[in-house]
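Residue numbers (my numbering): 17 to 184.
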């Protein structure tokens, strides 16, 4: 880990913060701050996960991460879902949930942690800052979000930060 890599990650983090457009308030602001916290937490988790993955392998690390996360989120899930009509969910709905749990989540993280054995954690974690940028860009055609100055600034900073981290 070098100061140049840290600088690149700081630039990318500033980009994620800039993506939290218009300052927001209330629920929007809280969600934006959760996205920012998620980017930081994932980078930290990647750095600590590298040693664990090297010693225990990506399947073991993923298993503990998913089981641990599930246990921590279970109480919130049960409270949030207490009035949900599970019986009204179609077979296609349950199949979609299963698909989303297995492929974009489990398989993607197995690949991610396998790559972590071969790629420095600082380089790999820098790409986690691209997730909020990608979500924001996808929201333009899918949700009708507007292209704003803060989106352009934030996107540019994220990409510059990842580039700087890669070059360090």
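Just so it is clear, CB atoms sit at the ideal spot from N, CA and C, and this is done for glycine as well.
Given the structure is predicted, the values throughout are model-derived calculations rather than measurements.
When rounded, the separation of the alpha-carbon atoms in residue 163 and residue 71 is 44 Å. Non-local C-beta neighbours of residue 169 in its own chain, meaning closer than 7 Å and more than five positions away in sequence, comprise 34, ordered along the chain.
A residue is called buried once 16 or more other Cβ atoms fall within 10 Å of its Cβ, and residue 104, having fewer, is exposed.
Bounds of the alpha helix (DSSP H) holding residue 80 are 74-96. Secondary structure of residue 161 (DSSP, three-state): coil.
Residues of the same chain with a CB within less than 7 Å of the CB of residue 74, apart from the 5 flanking positions on each side, are 126, 129, 130 in chain order. When the beta-carbon positions are compared, residue 47 and residue 171 stay at least 8 Å from each other. By the neighbour-count definition (other C-beta atoms within 10 Å, threshold 16), residue 101 is an exposed residue.
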